[in-house]
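Residue numbers (my numbering): 1 to 272. Structure first, commentary second.
Structure, rendered in structure tokens:
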């Protein structure tokens, strides 16, 4: 930056005023949020007082728009952090790591991209899928962390985490949380209608639920749990392929199989 431009910005910062300097007009703005903005532009002719008022009005609107965009980005980043922390907290109750929910979100985003969903959908599912098991907050620890197979009564209680998750997340009018509600209620449904809680089948299951079902099962198989040792990634892949057309959407499984190395890399980049 030329020395005279540095001097312009320093002067504006110190005086907190607009001014004309040689062939430049320098605009200073202090917002109600406490942010200082300085804009300088070169003019081919002297800036008249009437024109200066119009320029000030225009630049004021520009700065306010820019600050609104910064605020929107800040809110989005905060939402991302909050969702990741919430998902990780749920996993910590079941002695699992926060890496599981983050990986599930990344698998889901990749599968959505391969399914040719738009960028907004892919970004939403990367967050929403992390809340797939939020309903486990309502499952007793003795069941959640039992180091053995659940009995029939315990299994019925465990299955309630889908509806509990729906109840927690539904009706917020937030697009990410609304998608997370669909995932919570649908990620244990099966393509053949033999899943829970509502025995939905095929297209009755939301796309985000079908995508997250594959992402969740693949990662769960690869991870150590209190009731099982981890599977190899190749064995987990074979299990997903075996489930095509009965457990999982066969079209999504075909995409998973064709791009398996990409899913594998997500796991390797964020191990337990």
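Beta carbons: idealized from backbone N, C-alpha and C, even for Gly.
Practice item. On the DSSP bridge assignment, give the partners of residue 37 in chain order. Key: As a working mapping, residue 37 is identified with position 37 in the chain shown. Residue 37 is bridged to 29.
Check your understanding: What residue does the beta strand (DSSP E) around residue 21 start on, and which one ends it?
Key -> Stepping through the chain shown from its first residue, residue 21 is reached at position 21. Looking at the DSSP string, the run of the beta strand (DSSP E) that includes residue 21 is 19 to 21.
Check your understanding: What's the gap between the Cα of residue 22 and the Cα of residue 29?
Key -> Position 22 of the chain shown, counted from the start, is the residue given in the question as residue 22. Position 29 of the chain shown, counted from the start, is the residue given in the question as residue 29. So the alpha carbons of these two residues sit roughly 20 Å apart.
Check your understanding: Sorted by chain position, which residues of the same chain lie with C-beta nearer than 7 Å to residue 125's C-beta, five sequence neighbours on each side aside?
Key -> Position 125 of the chain shown, counted from the start, is the residue given in the question as residue 125. These residues qualify, in order along the chain: 108, 109, 112, 179, 208 and 211.
Point to revise | Buried or exposed (CB count within 10 angstroms, at least 16 for buried), residue 172 | key: Stepping through the chain shown from its first residue, residue 172 is reached at position 172. So residue 172 ends up on the exposed side.
Practice item. Give the straight-line distance between the Cα atoms of residue 95 and residue 36, rounded to the nearest whole angstrom. Key: Within the chain shown, residue 95 is the residue found at index 95, counting from 1. Within the chain shown, residue 36 is the residue found at index 36, counting from 1. Residue placement at residue 95 is flagged as unreliable, the pLDDT there being 48, under the threshold of 50; the coordinate-derived value follows with that caveat. Answer to the nearest angstrom: the Cα atoms are 47 Å apart.
**Study point:** Pick from 24, 206, 252 and 258 that is closest to residue 214, judged by C-alpha positions
**Key:** Here the question's residue 214 lines up with position 214 in the chain shown. Here the closest residue by C-alpha is 252.
**Study point:** Alpha carbon of residue 240 to alpha carbon of residue 40, nearest angstrom
**Key:** Residue mapping note: residue 240 aligns to position 240 of the chain shown, counting from 1. Residue mapping note: residue 40 aligns to position 40 of the chain shown, counting from 1. Cα-Cα distance, rounded: 59 Å.
Exercise for review: Could you please give the first and the last residue of the uninterrupted alpha helix (DSSP H) stretch that includes residue 267?
Suggested key: For this step, residue 267 is matched to residue 267 along the chain shown. 260 to 269 is the extent of the alpha helix (DSSP H) around residue 267.
Review point. Which residue spans inside the region 178 to 242 form an unbroken alpha helix (DSSP H) run of at least 4?
Key: 207 to 222 and 233 to 242
Practice item. Give a yes or no on contact between the region 154 to 167 and the region 138 to 145, applying the rule of three or more CB pairs nearer than 8 Å. Key: The region 154 to 167, when compared against the region 138 to 145, does touch it at the 8 Å Cβ threshold.
Check your understanding: Under the criterion of a Cβ to heavy atom distance below 7 Å, does residue 211 qualify as lining the ligand NAP?
Key -> You won't find the ligand NAP in this model; it holds no ligand whatsoever.
Review point. Within 10 angstroms of its Cβ, does residue 204 collect 16 or more other Cβ (buried), or is it exposed?
Key: The count along the chain shown starts at 1 and reaches residue 204 at position 204. Its Cβ having fewer than 16 others within 10 Å, residue 204 is exposed.
Check your understanding: In terms of residue numbering, what span does the alpha helix (DSSP H) encompassing residue 130 cover?
Key -> Numbered from its first residue, the chain shown carries residue 130 at position 130. Neither: residue 130 is in no alpha helix (DSSP H) and is coded neither H nor E.
Check your understanding: Under a Cβ-count criterion, where at least 16 other Cβ atoms within 10 Å of its own Cβ denotes burial, should residue 200 be classed as buried or exposed?
Key -> Here the question's residue 200 lines up with position 200 in the chain shown. So residue 200 ends up on the buried side.
Point to revise | Beta-carbon contacts of residue 92 that lie in its chain and below 6 Å, excluding the five residues immediately before and after | key: Position 92 of the chain shown, counting from 1, holds the residue named residue 92. Low confidence applies here, because residue 92 scores a pLDDT of 48, under 50, leaving its location unreliable and the question unanswered by this model.
**Study point:** Cβ neighbour criterion (16 or more within 10 Å) applied to residue 189
**Key:** Taking the chain shown and counting its residues from 1, the one referred to as residue 189 is at position 189. Residue 189 is buried by the Cβ-count criterion.
Practice item. Indicate the three-state DSSP secondary structure (helix, strand or coil) for residue 12 in the structure shown. Key: As a position in the chain shown, residue 12 is number 12, starting the count at 1. In this structure, residue 12 counts as helix in the three-state DSSP scheme.
Review point. Mind checking whether residue 156 and residue 146 have CB atoms under 8 Å apart?
Key: Here residue 156 refers to the residue found at position 156 when the chain shown is read from its first residue. Here residue 146 refers to the residue found at position 146 when the chain shown is read from its first residue. No, they are not a contact pair.
Exercise for review: Answer yes or no: do residue 183 and residue 148 have a C-beta to C-beta separation smaller than 8 Å?
Suggested key: The residue given as residue 183 occupies position 183 in the chain shown. The residue given as residue 148 occupies position 148 in the chain shown. Not in contact: residue 183 and residue 148 (Cβ atoms no closer than 8 Å).
Point to revise | Cα-Cα separation between residue 150 and residue 117, rounded to whole angstroms | key: Position 150 of the chain shown holds residue 150. Position 117 of the chain shown holds residue 117. Straight-line Cα distance between these residues: approximately 38 Å.
Practice item. Just mark residue 234 as buried or exposed, buried being the case when its beta carbon has 16 or more other beta carbons within 10 Å. Key: Counting from 1 along the chain shown, the entry for residue 234 is found at position 234. The residue in question, residue 234, is exposed, as its Cβ has fewer than 16 Cβ neighbours within 10 Å.
Review point. Are residue 258 and residue 250 touching if we call contact CB-CB under 8 Å?
Key: Locating residue 258 in the chain shown gives position 258, where the first residue counts as 1. Locating residue 250 in the chain shown gives position 250, where the first residue counts as 1. Cβ distance not < 8 Å, so residue 258 and residue 250 don't count as in contact.
Practice item. Reducing DSSP to helix, strand and coil, say where residue 100 ends up. Key: Mapped onto the chain shown, residue 100 falls at position 100. The answer is helix: DSSP assigns residue 100 an H, G or I state.
**Study point:** Limits of the alpha helix (DSSP H) - the one that residue 152 falls within
**Key:** Start at 1 with the first residue of the chain shown, and residue 152 comes out as number 152. 152 to 159 is the span of the alpha helix (DSSP H), which, as asked, contains residue 152.
Point to revise | Between the CA atoms of residue 16 and residue 164 - distance to the nearest angstrom | key: As a first step, residue 164 must be located in the chain shown, where it is residue number 164. As a first step, residue 16 must be located in the chain shown, where it is residue number 16. About 54 Å.
Point to revise | Delimiting residues of the alpha helix (DSSP H) encompassing residue 141 | key: By 1-based counting over the chain shown, the position of residue 141 is 141. Taken as a continuous stretch (DSSP letters only), the alpha helix (DSSP H) holding residue 141 covers 141 to 144.
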